[in-house]
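Have a look at the structure below, then the notes.
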Amino acid sequence: MDRGGTPMNYRIAIIEFPGTNCERETARAVHRADMEPIRFKWNDDPALLASCDGYVIGGGFSYEDRSRSGIIAALDPIMRRLRTEDKKGKPILGICNGAQILLESGIIPGLSDHRPGGALAQNKQFVDGKIVGTGFYNAWVHVRLSEGSGSHAFVQGLSTDTVMRIPAAHAEGRFVIPRDLLERLYASGATIFRYCDEAGNENPQFPCNPNGSVDNIAALGNLRGNALGIMPHPERTGEGDCMFASMRTYLSQGLHHESIELDLPHEKEVSGAYTPGRTCRELVISSIITDNTAVSVEQALRQLGFPVSIRRAVHWELEVAPDATERQFEQDFAIACKSGELYNSNKEYPLEELPSADRTILVRTEAEDDCIGLHAKHVLMNWFGLPSIQEIRHGILWMITVDPGHGTQAEDVIEGCLGTNIFNNPFSHRRYTYA
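With this note's numbering applied, the sequence shown covers 75 to 509.
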């Protein structure tokens, strides 16, 4: 919206959730672009949000990344209001955790009904086809503008020759997007920035690609061209100021009200039944102390109107080696349990049996690549020398109980809870019913 005044008239809301920790540098970057930063907390009056011209969701660890990065913030009621502002064409920038929130909320890439179109999964660093690192990574990286992205709200005036050196600091920054959707996004210019070297050349290997992101994608936009999620931090360096200046330029040109959404076939996620391997031993780990993740998930679901209680446990599956004797496996299993790798006995304990109750369903989720299970196997095999354990798989067991008085609607309530994707992202996790 062109107000006909100075650029400083543009009011940009810096949206903060519990755990956001980059609000100050984000506000400074907005101010350097001659716009007015407005601090907006998740529980402030939504009318203030509507009065702003644009939005930035900064980095940090919203809700301590409980369940997974960005999902609980994505289900916060304020995001419904932000979707409304998105449809007006107002510019929306998500940085790091903010990008995770935008992707989980469906604002990017902008599928119909704000369905999720991908995931930001755990970092996986590749060299010559081998994984050389996972988890949190903090370093300066280079990114360049993708072909066909020049009209987007945050790249006005940039060229594909532009290479920015900006810092990255994240643990879950690996874009996972289905190939058919990715091709549609390429055609529309929605894959905005890609990781490259200092000369602008792309290389899928680490350190050029710091997290294993598909096709070196560092930032993803929506089809309308007003929303962008970027994993590195442009607000932390002067080299990223061009993105905020572009935001100001976009606002001065008038908003893009055209509704552009991808209407891809809606494939309902199939939740199969979990079946442990024939030669596997299960280990279910519960928490002695309050499980804050389960509490936050329950609160988020109740805020959405689902009358449920949530419990959570870690689920390990240890597969017996074909040539191992029962005695040898029992000895190695005991060592594995005492190692501290599978659980911390100071605050966790193995469950002898799972709780059973009416109106309760158990759901097991697991990451597609199961880096946690692979790491546990590496440690126990190489450091402890446990030859009778062939494979180790990691998952989370969610226990969903519908409140009394809602028994006749229990199936619909549980289906609704699963439909929020709060337990798993269908693009990076598998989900099973557990009996």
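Backbone N, C-alpha and C define an ideal beta-carbon position, used for all residues, glycine too. Just so you know, these numbers come straight off a predicted model, no measurement behind them.
Beta-carbon separation (whole angstroms), residue i vs residue j, contact threshold 8 Å
i	j	result
Ile362	Val371	So it is not a contact: roughly 19 Å between Cβ atoms.
Asn171	Ser136	6 Å
Ala213	Pro284	6 Å
Thr367	Arg140	4 Å
Val104	Phe318	6 Å
Leu167	Phe228	6 Å
Ile470	Arg386	6 Å
Arg189	Gly180	6 Å
Asp477	Val382	7 Å
Test item: CB-CB of residue i and residue j under 8 Å
i	j	result
Met109	Ile88	no
Ile152	Pro183	no
Leu357	Leu416	yes
Ala107	Arg322	yes
Arg268	Arg310	no
Met150	Phe210	With the sequence shown as reference, residue 150 is identified as Asp, and Met is not the correct amino acid for it. No.
Ala374	Ile496	yes
Ser320	Gly247	no
Thr439	Arg505	yes
Cys96	Gly128	no
Glu99	Gly144	no
Ile251	Pro306	no
Ala301	Leu176	yes
Ser413	Phe380	no
Phe249	Val201	no
Ala47	His503	Residue coverage of the chain in this structure runs from 75 to 509, which leaves residue 47 outside it and unanswerable.
Ala511	Val215	With the chain covering only 75 through 509, there is no way to say anything about residue 511.
Ala509	Ala410	no
Pro500	Leu325	no
Asp397	Leu460	no
Lys198	Cys445	yes
Ile112	Pro308	no
Ser360	Glu426	no
Met238	Gly314	yes
Thr234	Glu221	yes
Val437	Thr507	yes
Residues that DSSP places opposite residue i in a beta bridge
i	result
Lys115	Glu90
Met473	Arg385, Leu436
His226	Bridge partners of His226: none, in fact.
Trp457	None; Trp457 has no bridge partner.
Gln483	DSSP, once it has assigned bridges, lists no residue as partnering Gln483.
Gly134	Thr94
Tyr348	In the DSSP output, where bridge partners are listed per residue, Tyr348 has none listed.
Ala243	Asn212
Ile17	Lying outside 75 to 509, the shown extent of the chain, residue 17 is not represented and no answer is given.
His468	Trp390
Val237	Arg218
Ala441	His503
Ile463	Val394
Gly128	Ile86
Residue i: first and last residue of the uninterrupted alpha helix (DSSP H) it sits in
i	result
Pro151	151 to 161
Ser360	Per DSSP, Ser360 belongs to no alpha helix (DSSP H); it is in the beta strand (DSSP E), 354 to 361.
Phe403	400 to 412
Ile304	It is not in any alpha helix (DSSP H) - Ile304 instead sits in the beta strand (DSSP E) that spans 301 to 304.
Cys316	315 to 326
Thr208	Thr208 -> not in any alpha helix (DSSP H); beta strand (DSSP E) instead, spanning 204 to 208.
Tyr540	No answer is possible for residue 540: the residues shown for the chain start at 75 and end at 509.
Tyr84	No alpha helix (DSSP H) holds Tyr84; DSSP gives it neither H nor E.
Glu257	253 to 262
Ile43	Shown here, the chain extends from 75 to 509; a query on residue 43 therefore has no answer.
Glu372	366 to 377
Ala147	145 to 148
Bounding residues of the beta strand (DSSP E) (the contiguous stretch that carries residue i)
i	result
Met109	Note, Met109: premise wrong, no beta strand (DSSP E); not H, not E.
Asn212	211 to 219
Ala193	193 to 195
Pro120	Counting along the chain, Pro120 falls outside any beta strand (DSSP E), though it belongs to the alpha helix (DSSP H) covering 120 to 124.
Gly295	291 to 295
Val201	198 to 201
Arg248	248 to 250
Thr507	503 to 508
Glu422	422 to 424
beta-carbon residue i near the ligand SAM non-hydrogen atom, thresh 7 Å
i	result
Val358	Only the bare structure without any ligand can be found here, which leaves the ligand SAM out of the picture.
Beta carbon proximity, residue i to chain B, threshold 8 Å
i	result
Arg505	Structure shown: chain B not included; a single protein chain is present.
Within 8 Å, do at least three Cβ pairs link the segment 464 to 477 to the segment 386 to 396? yes
Is it a yes or a no for the segment 271 to 278 touching the segment 184 to 194, going by three-plus beta-carbon pairs under 8 Å? no
Any chance the segment 477 to 493 sits against the segment 423 to 443, with 3 or more Cβ pairs inside 8 Å? yes
At least 3 beta-carbon pairs within less than 8 Å: the segment 257 to 264 vs the segment 281 to 297: yes
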